[in-house]
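Counting along the sequence shown from 1, when you hit position 32 you're at 32 in the UniProt record's numbering, and nothing is skipped either side.
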Amino acid sequence: MVSAERARLGAIQNRLEHTINNLGTALESLTAAESRIRDVDMAREMMEFTKNNILQQAGTAMLAQANQQPQSVLQLLGR
């Protein structure tokens with residue numbers, strides 16, 4: 001009777017230890033996946049920031065050229 005109860009409790013303990021180990025592995029996998037997702041998001045945001053920065057600089061340069069053209073025409077006309 002006592003040995004049967006010890007065997008039952010030992011089996012329960014083994015199942016609990018196995019579950020704890022599986023949860024630890026799942027946590028490690030989840031943490032690694034989250035890290036990869038964050039890295040990808042950061043890279044994507046940096047790429048988007050760089051693209052927008054280039055577009056802004058190009059727009060500013062185009063505006064500066066457009067502002068200079070009327071001055072050039074006036075200079076050609078001698079005014």
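All C-beta atoms in this analysis are idealised placements derived from N, C-alpha and C, irrespective of residue type, glycine included.
Given residue i, which residues of its chain have a CB within under 8 Å of its CB, disregarding the five upstream and five downstream residues?
{"i": "Met47", "result": "none"}
Taking just the CA atoms, how far does residue j sit from residue i?
{"i": "Ala61", "j": "Gln68", "result": "11 Å"}
{"i": "Val73", "j": "Ala66", "result": "12 Å"}
{"i": "Asn21", "j": "Thr50", "result": "44 Å"}
{"i": "Gln75", "j": "Gln56", "result": "29 Å"}
Check whether the Cβ of residue i lies closer than 8 Å to any Cβ atom in chain C.
{"i": "Gly59", "result": "Absent from the structure is chain C; it holds one protein chain and no more."}
Leaving aside the five residues before and after residue i along the sequence, list all residues of the same chain whose C-beta is less than 6 Å from its C-beta, in chain order.
{"i": "Gln71", "result": "none"}
Whole runs of the alpha helix (DSSP H) within the UniProt domain "Flagellin C-terminal" (2-77), excluding any shorter than 4 residues: Segments of the alpha helix (DSSP H) lying fully in the UniProt domain "Flagellin C-terminal" (2-77): 2-77.
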